[in-house]
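Heads up, the thing below is written out as structure tokens.
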Amino acid sequence: MRILSRYPTRYLVIAAFISFGFILHLTRLVDHHDISPTWGPPPKSDDTQETFSYKSKHQHGDEPTHDESRPVKLDRLSLEELKTLVSGKKGYYVRDWSVGLGWNNMKYIIEAALIQAKLLDRVLVIPSFVYARNCEYDIDVCSEYALMVNREDAVGWDKWNGAPLNTNAWQLPIELMLDLPKLRSYYPVILTPEFMQLHNLDTSNELLTGQWNRDIHKTPNMTSFHVIPNHIFDNDIFRVDTTHPFPSKMNESMEIDTEINAHLREAAGEEKNPLSWDNAVQTLRNKGHYIDDDETAEKFMNRGGWIVTYTYEGLGGMEYTRTVAPTIRQVLPRSRVHGWVEDFTLNADVLFLEGETHLSRKPGGFRFTTLAARDDYTHFVLTYMRPIGPLIALSEKIARRMTGLADGRAWLSAHMRRGDFTVIGWVKDKSLESHLKHVQEIFEQGRKRLVRQVLRGGMPREDDPYFIATDERNSTNLDYMRQNGAVIIYDLLTIEDRREIGWPLLFTDVLGIVEQRVAASSAFFYGHALSSLAGGVVNIRTTMGFDSNTWIID
């Protein structure tokens, strides 16, 4: 009677349907080609291990280090497993996590944190949860499957860029979003409650804010603890991975050619600006220096007190997408360059990076001083930072359905971020009609670009359906998009899909992972340079081997 009085009948029907689908999935027979997750309940407070299993077909990158059919644990590793995982490392690397951000941004922060931990030979500690920001149904339905919090209370956010936020959020285990066993096959990573377990602390010491709980270090006999103040990270300096390669080229005591230095500083403008490689080379040539190859150019730059770094080009000239393609070189004044390794190789057991260090930074959080280091980071991002197998499998299945709708021909996709972007003024056009028209105009450019590509199934036609990943939820707007050729994720999902995945598809953030990978499978993609989701699509397409000519980000 309590439930009947609490929820309208239609919500009971939805919840009953989801529960029935979940139970049916657990009991149905699956042939050996299926990818079949079995989602367990939320973590228990005792030591009982609740797991879901899946078989993941390895799609890209290195061969898996262990069997493809493996348990992914929704609680935590055993104490012995944890001790084995962290053994041999110099300590732990912890930080404040911006859990109020969406999954793509959280993923980029984890990517940067891992390379930072790896350079210092420390175990990375990440949060055990993320916050899903939207529910596909009534909030009461989602709240039956995940802890609902008020973001203002949990992380102190009630506005973003001055605009009010939807403050509801749901706490999801990070294992639903990230293939943690795959990540751990690359480098030791543990969850915050696992850190607590290793140090005989209550796992409830993990804070809802995502910040590191400094109070635990006041405990007697707790490990030594060192704080990196936020302003030390990269305030008024250029942070790089390590300055170790420099001595073979230059050092701070070497005599600087003041004339070359002045020319490069003039070209850079403000002191905080990096110089592009091409700009630096052209500047030197314009000043009468003969340069016939890259090695000669770098020698001149070193003589002037400047060094070459390797990084990534921010799409649209901004740093929102965190793509690891295209790659670029930038030239920096040596006097303002600080190495992560040199500054923070310390003896403390726990090294803590304070505050927010994500916004307006390059992928990895810094630039790299060797080509090999940047390439290693690129390989890590593209190979090891991936969703769980069931979501990858669902994405591939839906992409095949999209090909079927296009009668086997290649098809186009775009991401139309609406929702909060319409409130803060970041949307391409506040009018849905104008926004969609802009997408269709970009598609015309895309079809012209694809003429030069070898496409399986043939060229997309102007009247073919196209896929739109979007957070638009107004039914009138969605109908307008469909009437103009768009196919939405709801049009491609089946009842069987929902039964296979289960309750996680209640959450828009999980559904967004599927949309992202479907969009990445298209022959041509268009996205917005202010959206982190678009950056994820580009990274996936890079993994798949797509030419950079097959996407436009503006």
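When the letters of the sequence shown are read in order and numbered with UniProt numbering, they come out as residues 1 to 554.
No residue lacks a Cβ here, since even glycine has one placed at the ideal position from N, Cα and C.
query = Taking the alpha helix (DSSP H) that L208 falls in, what are its first and last residues?
reply = As a first step, residue 208 must be located in the sequence shown, where it is residue number 208. Run containing L208: none; DSSP gives neither H nor E here.
message = Taking a contact to mean a Cβ-Cβ separation below 8 Å, would you say G389 touches D179 in this structure?
response = Working through the sequence shown from its first residue, we reach residue 389 at position 389. Working through the sequence shown from its first residue, we reach residue 179 at position 179. Closer than 8 Å, so yes.
task = Report all residues from its chain with a CB closer than 6 Å to the CB of N261; omit the five preceding and five following residues, and keep chain order.
result = Mapped onto the sequence shown, residue 261 falls at position 261. G304 and G305, listed in sequence order.
query = In the DSSP assignment, what residue or residues form a beta bridge with M148?
reply = Reading the sequence shown from its first residue, position 148 is the one you call residue 148. For M148, which the question treats as bridged, DSSP gives the partners W170.
inquiry  = Going by C-alpha to C-alpha distance, which of T192, A523 and G88 sits closest to M402?
reply    = Here residue 402 refers to the residue found at position 402 when the sequence shown is read from its first residue. Here the closest residue by C-alpha is A523.
inquiry  = Please report the straight-line C-alpha distance between M318 and K107, rounded to a whole angstrom.
reply    = Locating residue 318 in the sequence shown gives position 318, counting from the first residue. Locating residue 107 in the sequence shown gives position 107, counting from the first residue. Distance between the alpha carbons of M318 and K107: 18 Å.
query = What is the rounded straight-line gap between the Cα of G210 and the Cα of I109?
reply = The residue you call residue 210 lines up with position 210 of the sequence shown. The residue you call residue 109 lines up with position 109 of the sequence shown. Distance between the alpha carbons of G210 and I109 is about 12 Å.
inquiry  = When you compare the CB positions of F195 and V337, do they come within less than 8 Å of one another, or not?
reply    = Here residue 195 corresponds to residue number 195 of the sequence shown, with the count starting at 1. Here residue 337 corresponds to residue number 337 of the sequence shown, with the count starting at 1. Contact flag unset, no.
Segment limits, alpha helix (DSSP H) that includes P390 = Here the question's residue 390 lines up with position 390 in the sequence shown. Residues G389 to L405.
message = Given a cut-off of 8 Å on the beta-carbon distance, is the pair F507 and E136 in contact?
response = In the sequence shown, residue 507 corresponds to position 507, counting from 1. In the sequence shown, residue 136 corresponds to position 136, counting from 1. For F507 and E136, yes; Cβs fall inside 8 Å.
Option in Y466, S431 and R400 with minimal Cα separation from N474 = Along the sequence shown, read from residue 1 onward, the residue named residue 474 stands at position 474. Comparing Cα positions, the closest option is S431.
ask   = Can you tell me whether DSSP reads T65 as helix, strand or coil?
value = By one-based count along the sequence shown, residue 65 stands at place 65. At T65 the pLDDT is 34, less than 50, meaning the model places this residue with poor confidence and gives no usable figure here.
key: Distance, R461 Cα to S532 Cα   = Counting from 1 along the sequence shown, the entry for residue 532 is found at position 532. Counting from 1 along the sequence shown, the entry for residue 461 is found at position 461. S532 and R461: Cα-Cα distance of roughly 29 Å.
message = Can you list, in chain order, the residues of its chain with a C-beta nearer than 8 Å to that of D547? Leave out the 5 residues immediately preceding and following it.
response = The count along the sequence shown starts at 1 and reaches residue 547 at position 547. Closer than 8 Å at Cβ, skipping near neighbours: Q453.
inquiry  = I'd like to know if the segment 86–93 and the segment 112–126 are in contact, where contact means that at least 3 CB-CB pairs between them fall below 8 Å.
reply    = yes
task = Would you mind working out which of I442, R400 and T323 sits nearest G457, comparing C-alpha positions?
result = Position 457 of the sequence shown, counted from the first residue, corresponds to residue 457. The shortest C-alpha separation from G457 is found at R400.
Identified DSSP bridge partners for L191 = Counted from its first residue, the sequence shown places residue 191 at position 191. Answer by DSSP bridge pairing, in chain order: I126.
key: Paired residues, beta bridge with L351 - DSSP   = For the purposes of this step, residue 351 is identified with residue 351 of the sequence shown, where counting begins at 1. According to DSSP, L351 bridges with Y93 and H226.
CA-to-CA distance, L114 to F352, given in whole angstroms = Locating residue 352 in the sequence shown gives position 352, counting from the first residue. Locating residue 114 in the sequence shown gives position 114, counting from the first residue. So the two alpha carbons sit approximately 13 Å from each other.
inquiry  = When you compare the CB positions of M416 and I488, do they come within less than 8 Å of one another, or not?
reply    = Numbered from its first residue, the sequence shown carries residue 416 at position 416. Numbered from its first residue, the sequence shown carries residue 488 at position 488. Not in contact: M416 and I488 (Cβ atoms no closer than 8 Å).
message = Mapping the DSSP letters down to three states, classify R374 as helix, strand or coil.
response = Here residue 374 refers to the residue found at position 374 when the sequence shown is read from its first residue. Three-state DSSP puts R374 in a helix.
query = Across which residues does DSSP place C135 in a beta bridge pair?
reply = One-based indexing of the sequence shown puts residue 135 at position 135. The partner list for C135 (beta bridge, DSSP) reads F507.
Own chain, CB closer than 8 Å to E356, minus 5 neighbours either side, in chain order = Start at 1 with the first residue of the sequence shown, and residue 356 comes out as number 356. Contacts found: D96, S98 and N230.
query = Closest by CA to F366, which one among E175, N200, V341 and S185?
reply = By 1-based counting over the sequence shown, the position of residue 366 is 366. For the residues E175, N200, V341 and S185, the minimum Cα distance to F366 belongs to V341.
Buried versus exposed call for I174 [16 or more other C-beta atoms within 10 Å across all chains shown] = Taking the sequence shown and counting its residues from 1, the one referred to as residue 174 is at position 174. It counts as buried.
inquiry  = Can you check which of these residues, P326, V451 and H217, is closest to N200 by C-alpha distance?
reply    = As a position in the sequence shown, residue 200 is number 200, starting the count at 1. Closest by alpha carbon: H217.
message = Using a 10 Å radius around the Cβ and a threshold of 16 neighbouring Cβ atoms, would you call R151 buried or exposed?
response = For the purposes of this step, residue 151 is taken as the residue at position 151 of the sequence shown. Under this definition R151 is a buried residue.
ask   = According to the Cβ coordinates, are G102 and R133 closer than 8 Å?
value = By one-based count along the sequence shown, residue 102 stands at place 102. By one-based count along the sequence shown, residue 133 stands at place 133. Result yes, Cβ atoms of G102 and R133 sit closer than 8 Å.
ask   = Going by the beta-carbon positions, is the gap between V189 and A169 smaller than 8 Å?
value = Numbered from its first residue, the sequence shown carries residue 189 at position 189. Numbered from its first residue, the sequence shown carries residue 169 at position 169. No. Outside cutoff.
key: Burial state of S335 (16 or more Cβ within 10 Å)   = Within the sequence shown, the letter at position 335 stands for residue 335. S335 should be labelled exposed.
key: Rounded C-alpha distance that separates L511 from Q445   = Within the sequence shown, numbered from 1, the residue matching residue 511 stands at position 511. Within the sequence shown, numbered from 1, the residue matching residue 445 stands at position 445. Taking the straight line from one Cα to the other gives about 28 Å.
key: Delimiting residues of the beta strand (DSSP E) encompassing H311   = Numbered from its first residue, the sequence shown carries residue 311 at position 311. The sequence given here places Thr at residue 311; His does not occur at that position. From DSSP, the beta strand (DSSP E) with T311 extends over W306 to Y312.
query = When DSSP labels each residue in this structure, what does M196 get in the three-state scheme?
reply = Against the sequence shown, residue 196 aligns to sequence position 196. If DSSP states are grouped into helix, strand and coil, M196 belongs with the helices.
8 Å CB neighbourhood of A280 in its chain, flanking five on each side removed = Taking the first residue of the sequence shown as 1, we reach residue 280 at position 280. L264, A267, A297, M301, W306 and V331, listed in sequence order.
message = Please state the DSSP three-state secondary structure of residue 580.
response = As shown, the chain starts at 1 and ends at 554. That puts residue 580 outside it, with no answer to give.
request  = Throw me the rounded Cβ distance for the Y310 and R329 pair, which I believe falls under 8 Å.
outcome  = Counting from 1 along the sequence shown, the entry for residue 310 is found at position 310. Counting from 1 along the sequence shown, the entry for residue 329 is found at position 329. Sure, about 6 Å apart at Cβ, within 8 Å.
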